[in-house]
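Asker: Sharing a structure, written as structure tokens. Questions coming.
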Amino acid sequence: MVGGLTAKYGDRTILDGIDLTVRAGEVRVILGGSGSGKSTLLKNIIGLVRPAEGVVELLGVDLRTADEPQREAVMGRIGVLFQGGALLNSLTVEDNVALPIREKLALPEPVVREMVAMKLALVDLSHAGHLFPPELSGGMKKRAALARAMALDPEILFCDEPSAGLDPVTSAALDALLLSLKKRFGMSLVVVTHELASIEAIADKVTMLGRGRLIADGSLAEVKASGHPAVRAFFNREPESGSARTQSVFEALQEKGAAAPVGDGRLGDRSGGDRSGGDRNRGDRDRSDRDRSDRDRSDRDRSDRDRSDRDQRGGDES
Ligand SMILES: Nc1ncnc2c1ncn2[C@@H]1O[C@H](COP(=O)(O)OP(=O)(O)O)[C@@H](O)[C@H]1O
Ligand SMILES: [Mg+2]
Numbered sequence: 001m002v003g004g005l006t007a008k009y010g011d012r013t014i015l016d017g018i019d020l021t022v023r024a025g026e027v028r029v030i031l032g033g034s035g036s037g038k039s040t041l042l043k044n045i046i047g048l049v050r051p052a053e054g055v056v057e058l059l060g061v062d063l064r065t066a067d068e069p070q071r072e073a074v075m076g077r078i079g080v081l082f083q084g085g086a087l088l089n090s091l092t093v094e095d096n097v098a099l100p101i102r103e104k105l106a107l108p109e110p111v112v113r114e115m116v117a118m119k120l121a122l123v124d125l126s127h128a129g130h131l132f133p134p135e136l137s138g139g140m141k142k143r144a145a146l147a148r149a150m151a152l153d154p155e156i157l158f159c160d161e162p163s164a165g166l167d168p169v170t171s172a173a174l175d176a177l178l179l180s181l182k183k184r185f186g187m188s189l190v191v192v193t194h195e196l197a198s199i200e201a202i203a204d205k206v207t208m209l210g211r212g213r214l215i216a217d218g219s220l221a222e223v224k225a226s227g228h229p230a231v232r233a234f235f236n237r238e239p240e241s242g243s244a245r246t247q248s249v250f251e252a253l254q255e256k257g258a259a260a261p262v263g264d265g266r267l268g269d270r271s272g273g274d275r276s277g278g279d280r281n282r283g284d285r286d287r288s289d290r291d292r293s294d295r296d297r298s299d300r301d302r303s304d305r306d307r308s309d310r311d312q313r314g315g316d317e318s
């Protein structure tokens, strides 16, 4: 679905030559450290950000060449669970879920209500439709956002760190819910996460990003067997020497003019595992230093919708 994708903000390259294919019914997990470009990748795939280079094909539609009606149509066939949930605090849960339905389909109000009730039942929120997002626990907000993402019965559901800010039990429940929805509706899922427990629970295929490059791609077992230091460090929860993380802290300092230049941080980069899912030959990739900082996570998602619901983080649910 993505070929040779390069993404930039201004003249800063965030992603460089990413290939990624998601097959029908598969759960594809996208991994990578903070600031590695996971959200940027999602935003490019779903057309929120226009790729600097490369092909993005969503459900058979090439987003570069699609006209507005084609784009609209394909957007109606995907669902997105934004990082942070992005519910509108001024609307009830019901009206939040009704939003995409009202936007895309001209249906009589009782039918809209009926559809909303069904989606709320799917996520076990039938009792909470009249509440406003600030009145919900963290897990309930995620489920409400999920109901909204599911409103139009998407063929692919994209989730950006769905379990961020949830306690482990609520997070596990959300994974189970995602899997059950996937099974029930035969959707594909593309999930950005860095929770190891989630990855173990849901991943069919794994893509790992490191400094803007694809550093691993394959089944979970294949990726785990990768010799790439950043991949090993991730799965063993070890600090990686000379890692992106360490580097990025230096670079962040450098940006502020506080640090001396750091070494080139080359890591003998190799894509790990055999690339069974690869219909394109990815080849070993040379890693180059890139301009990269590790800004505070909360600064990162700038879309208005994400911003609308920043306060929801850290809630938990009993
Ligand atoms: N709208 C934007 N404008 C400029 N830079 C951005 C924007 N969004 C993200 N970035 C930068 O791009 C890099 C990748 O961000 P992001 O894709 O959000 O990473 P991740 O989701 O993996 O944590 C970060 O260094 C971030 O600061
Ligand atoms: Mg992100």
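Heads up: the sequence shown runs through residues 1 to 318, numbered per this note's numbering.
The beta carbon of each residue, even a glycine, is placed where N, CA and C say it ideally should be.
It should be emphasised that the depicted structure is a prediction, and the values quoted were computed from it without experimental measurement.
(1) How big is the Cα-Cα spacing for glycine 138 and asparagine 96?
(2) Quick check on the DSSP output: what are the complete alpha helix (DSSP H) runs of length 4 or more inside the segment 61-111, in order along the chain?
(3) DSSP three-state label for methionine 208, please.
(4) Under the criterion of a Cβ to heavy atom distance below 8 angstroms, does glycine 32 qualify as lining ligand 1?
(5) Measuring CA to CA, which of Lys8, Asp167, Asp19 is closest to threonine 207?
(6) Using 8 angstroms as the cut-off, classify the Cβ of serine 198 as near or not near the heavy atoms of ligand 1, replying yes or no.
(7) In the DSSP output, which residue or residues are listed as bridge partners for isoleucine 156?
(8) Take the Cβ of asparagine 236 as the centre, count every other Cβ of all protein chains shown within 10 Å, and call the residue buried at 16 or more, exposed below.
(9) Leaving out five residues before and five after arginine 102 in sequence, what residues of the same chain have Cβ atoms less than 7 angstroms from its Cβ?
(10) Tell me, please, whether the segment 145-165 touches the segment 73-86 by the rule of three or more beta-carbon pairs shorter than 8 angstroms.
(11) Could you tell me which residues DSSP puts in a beta bridge with glycine 218?
(12) Return yes when at least one heavy atom of ligand 2 lies under 8 angstroms from the C-beta of glycine 219, else no.
(13) Take aspartate 175 as the anchor and find which of Phe185, Leu63, Val191 has the nearest alpha-carbon.
(14) In the DSSP output, which residue or residues are listed as bridge partners for arginine 12?
(15) Please classify glycine 54: does DSSP put it in a helix, a strand, or coil?
(16) Could you have a look at aspartate 175 and say whether DSSP puts it in helix, strand or coil?
(17) CB leucine 125 to CB valine 93, shorter than 9 angstroms?
(18) Taking the continuous beta strand (DSSP E) assigned at arginine 28, which residues delimit it?
(19) Compare the Cα-Cα distances from valine 116 to each of Asn89, Leu87, Leu31, Ala144 and report the closest residue.
Answerer: Judging by the given coordinates:
(1) Taking the first residue of the sequence shown as 1, we reach residue 138 at position 138. Taking the first residue of the sequence shown as 1, we reach residue 96 at position 96. Each residue's alpha carbon lies about 16 angstroms from the other.
(2) 68-75, 93-104
(3) If you number the sequence shown from 1, residue 208 lands on position 208. Here methionine 208 sits in strand by DSSP.
(4) What you label residue 32 is simply residue 32 of the sequence shown in a count that begins at 1. Yes.
(5) The residue given as residue 207 occupies position 207 in the sequence shown. Comparing Cα-Cα distances from threonine 207 to each of Lys8, Asp167, Asp19, the minimum goes to Asp19.
(6) Here residue 198 refers to the residue found at position 198 when the sequence shown is read from its first residue. Serine 198 Cβ: outside cutoff for every heavy atom of ligand 1.
(7) Position 156 of the sequence shown, counting from 1, holds the residue named residue 156. Beta-bridge pairing links isoleucine 156 to Ile78, Ser188.
(8) Here residue 236 refers to the residue found at position 236 when the sequence shown is read from its first residue. Exposed, by the Cβ-count rule.
(9) Numbered from 1 along the sequence shown, position 102 holds the residue referred to as residue 102. Taken in chain order, the residues that qualify are Val112.
(10) yes
(11) Position 218 of the sequence shown holds residue 218. DSSP output for glycine 218 lists Val206 as bridge partner(s).
(12) Working through the sequence shown from its first residue, we reach residue 219 at position 219. Note on residue identity: the sequence assigns serine, not glycine, to residue 219. No; taking the cut-off as 8 angstroms, the Cβ of serine 219 has no heavy atom of ligand 2 nearer than that.
(13) Your numbering for residue 175 matches position 175 in the sequence shown. Here the closest residue by C-alpha is Val191.
(14) Counting from one through the sequence shown, the residue named residue 12 turns up at place 12. BP columns for arginine 12 point to Tyr9.
(15) Working through the sequence shown from its first residue, we reach residue 54 at position 54. Residue state, collapsed to three classes: strand.
(16) Translated into positions along the sequence shown, residue 175 becomes position 175. The answer is helix: DSSP assigns aspartate 175 an H, G or I state.
(17) Residue mapping note: residue 125 aligns to position 125 of the sequence shown, counting from 1. Residue mapping note: residue 93 aligns to position 93 of the sequence shown, counting from 1. Against a cut-off of 9 angstroms, the Cβ pair of valine 93 and leucine 125 comes out as a contact.
(18) Position 28 of the sequence shown holds residue 28. First-last of the beta strand (DSSP E) with arginine 28: 27-31.
(19) Within the sequence shown, the letter at position 116 stands for residue 116. Cα-wise, what sits closest to valine 116 is Ala144.
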